[in-house]
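Notes to accompany the following structure.
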Amino acid sequence: MRKLMRVLVIIPAYNEEKNIEKVVTNLVNKYPEYDYVVINDCSVDSTKKILNDNNVNFLDLPVNLGIGGAVQTGYLYALKYNYDIAVQMDGDGQHNAEYISDIIAPIVEGEVDSVIGSRFINNEGFQSSLMRRLGIDFLSGLIKFSCGVKVLDVTSGFRAVNRKCIEMFAHEYAQDYPEPEAIVSSAVNGISIKEIPVIMNERLGGTSSINGFKSLYYMIKVSLAILITRFTTVRR
Ligand SMILES: Nc1nc2c(ncn2[C@@H]2O[C@H](COP(=O)(O)OP(=O)(O)O)[C@@H](O)[C@H]2O)c(=O)[nH]1
Ligand SMILES: [Mg+2]
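Here the sequence shown is numbered in numbering that gives the first Met the number 0, starting from 0 and rising by one per residue.
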């Protein structure tokens, strides 16, 4: 008989007062059997109050670490409490909890080590702006070129990983704009990756971390990081 897998859903949240209650309620209603942890990344709005008032399970970072540090905190928690599978989803409502069972299925079956929820397989739902899509396609090509791994939605923060990958991410995880780098370090470490189609929403409220001038910085930083990660990551 197959062992029952313990699943932890990691939800990074920075200034998500408009969204976090709904995100957690949807998740708990749909999957009461999974554990979850919200990582409050030192929000300066009323996110923490909402988490406290609603008895949400959360970790409270004393300083703002950025998306990477917040997510890595979740992986450390998953490692410490011996979860078999960790799922990552945004606290802004972009990711539909209903897909979690699809995302973890290939891991439960032992088919792959990590699964990415992708907007660009069926091209349905929120597709991001044209400029952002061009940037994503470029980064996807760069990852294919440098690592030989084809992933379409390289910036998706909606994914699930197995224990092997939890150990790796708990040990080392990129700081800001971490998703493309996480794909590269996974590929270098022999972590198998599968993309499955999901429909994403627009952010329910608040603002994204990547806007205007920051997009240019993002592209340069992430392109360099992909190449550096590719050639400096030491296989664990
Ligand atoms: N912007 C931002 N988001 C953070 C930070 N720390 C954690 N997060 C969370 O990381 C997730 C992804 O961020 P988001 O700005 O939505 O990125 P996008 O989906 O790529 O536009 C959200 O759930 C945020 O609440 C941070 O320092 N800045
Ligand atoms: Mg988002």
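Just so it is clear, CB atoms sit at the ideal spot from N, CA and C, and this is done for glycine as well.
Remember, predicted model here, so these are calculated numbers, not experimental data.
Query, Result
"On a Cα-Cα basis, can you pick out the residue from Ser128, Ala12, Gln174, Phe137 that is closest to Asn56?", "Ala12"
"Is Ala12 close to ligand 1? I mean its beta-carbon at under 8 Å from any heavy atom of the ligand.", "yes"
"According to the neighbour-count rule (16 or more other Cβ atoms, all chains shown, within 10 Å of its Cβ), is Asn161 buried or exposed?", "buried"
"Starting from the Cα of Ser139, find the closest Cα among Glu32, Glu15, Val183 and give me that residue.", "Val183"
"Is the beta carbon of Gly68 less than 9 Å from the beta carbon of Asp34?", "no"
"Tell me which same chain residues have a C-beta within less than 6 Å of the C-beta of Val86, skipping the five on either side of it?", "Val8, Ile99, Ala159"
"Measuring only the C-alpha atoms, how far is Val107 from Val114?", "11 Å"
"Just to confirm the assignment, what range does the alpha helix (DSSP H) spanning Phe168 have?", "162-170"
"Could you work out which residue in Val36, Gly156, Asp44, Asp52 is closest to Val197 when comparing CA atoms only?", "Gly156"
"So, is Gly73 buried or exposed, given that buried needs 16 or more other C-beta atoms within 10 angstroms?", "buried"
"Quick check on DSSP: helix, strand or coil for Leu244?", "Outside the displayed span of the chain (0 to 235) sits residue 244, for which this structure offers no information."
"Asn39 bridges to which residues according to DSSP?", "Ala12, Asp59"
"How far does the beta strand (DSSP E) with Ile195 in it reach, from first residue to last?", "192-196"
"For a test of the three-state rule: what should DSSP assign to Met199, helix, strand or coil?", "strand"
"Cα separation between Asn95 and Ser117?", "12 Å"
"Excluding the 5 residues preceding and the 5 following Asp83 in the sequence, name in chain order all residues of the same chain whose CB lies nearer than 6 Å to its CB.", "Met4, Arg5, Arg162"
"Please confirm whether any heavy atom of ligand 2 lies closer than 8 Å to the CB of Arg202.", "yes"
"Which residue comes first and which comes last in the alpha helix (DSSP H) that contains Gly134?", "129-146"
"Under three-state DSSP, which class holds Ile182?", "helix"
"Can you check whether the C-beta of Tyr217 is within less than 9 Å of a C-beta belonging to chain B?", "Of the chains in the structure shown, none is chain B; there is only one protein chain."
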